[in-house]
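Below is one structure, written out as structure tokens, with a few remarks after it.
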Amino acid sequence: MLTPAKDDFSVQQDSSPRQRDYNRRRFLAWLRDEVAILRTLGMDHRRIAAQLDIEEHDVRAFCPKPREKDPRRHLPRRAVEALLHGRHASIGGRTIAKRSRHLAVIAAAYTWDELLSEPGVGSVTANQIRLWLEERGGMLRYGTADPQSNNTE
């Protein structure tokens, strides 16, 4: 037997939860931006919490993660793999552990063209290796198409 359906629309509120979620997302995005701005101004978590009238643990949750002072400090995995298994890897030693300790020596044995010819290494990765090596006082061997040379064709 069928039961009659109620035409009471006060129970069904399909549009309001979506509207509430949208406002909540917008508010959380605004709050995250405000915390990031106040953090860059040098305020600590307690002062930010007092300023925005939220809990201190919420400020920690919204705080951007601290980044390294120098993003080029570490080589990306692609560059490390290319150096550890490349054509000049044997200079560093027979094992991966020895090669990883002598990574700068291996990188200094390359020319720009040789780096670009390694599989998985493009101009971005080659520049990352070159900059990483320069930070350690080394440099790539001079090659014909070295980006540091003045002969640009």
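Going by our numbering, the letters in the sequence shown line up with residues 418 to 570, in that order.
All residues carry an ideal CB built from backbone N, CA and C; glycine is no exception.
The structure displayed is predicted, hence computed values, not measured ones.
Have a look at residue i and residue j and give me their C-alpha separation to the nearest angstrom.
{"i": "L648", "j": "S540", "result": "As shown, the chain starts at 418 and ends at 570. That puts residue 648 outside it, with no answer to give."}
{"i": "R442", "j": "G459", "result": "26 Å"}
{"i": "V452", "j": "F479", "result": "7 Å"}
{"i": "I454", "j": "L501", "result": "41 Å"}
{"i": "W447", "j": "D461", "result": "19 Å"}
{"i": "R518", "j": "A506", "result": "11 Å"}
{"i": "G361", "j": "E535", "result": "Here the chain has residues from 418 to 570 only, and residue 361 is not among them."}
{"i": "A466", "j": "T457", "result": "15 Å"}
For the ligand NAD, I want to know if residue i counts as a neighbour, meaning its beta carbon is within less than 6 Å of at least one of the ligand's heavy atoms.
{"i": "Q468", "result": "The ligand NAD is not part of the structure shown, which contains no ligands of any sort."}
Could you check which residue in the options has the C-alpha nearest to that of residue i?
{"i": "A524", "options": "P536, T512 and A543", "result": "A543"}
{"i": "M556", "options": "Y527, A496 and E531", "result": "Y527"}
State yes or no: is the beta carbon of residue i nearer than 7 Å to at least one beta carbon in chain B?
{"i": "T528", "result": "Going by chain labels, chain B is absent from the structure shown, which holds only one protein chain."}
Using the beta-carbon count (16 or more within 10 Å), is residue i buried or exposed?
{"i": "G509", "result": "buried"}
{"i": "D445", "result": "Per the sequence presented here, residue 445 reads as Leu, with Asp not at that position. When all chains shown are included, L445 counts as exposed."}
{"i": "G554", "result": "exposed"}
{"i": "I546", "result": "buried"}
{"i": "L548", "result": "exposed"}
To the nearest whole angstrom, what separates the beta carbons of residue i and residue j, a pair I think is in contact under 8 Å?
{"i": "E473", "j": "R463", "result": "6 Å"}
{"i": "R495", "j": "G537", "result": "5 Å"}
* To do: At 3 residues or longer, and completely inside the stretch 438–482: list those beta strand (DSSP E) runs for me, N to C.
  => none
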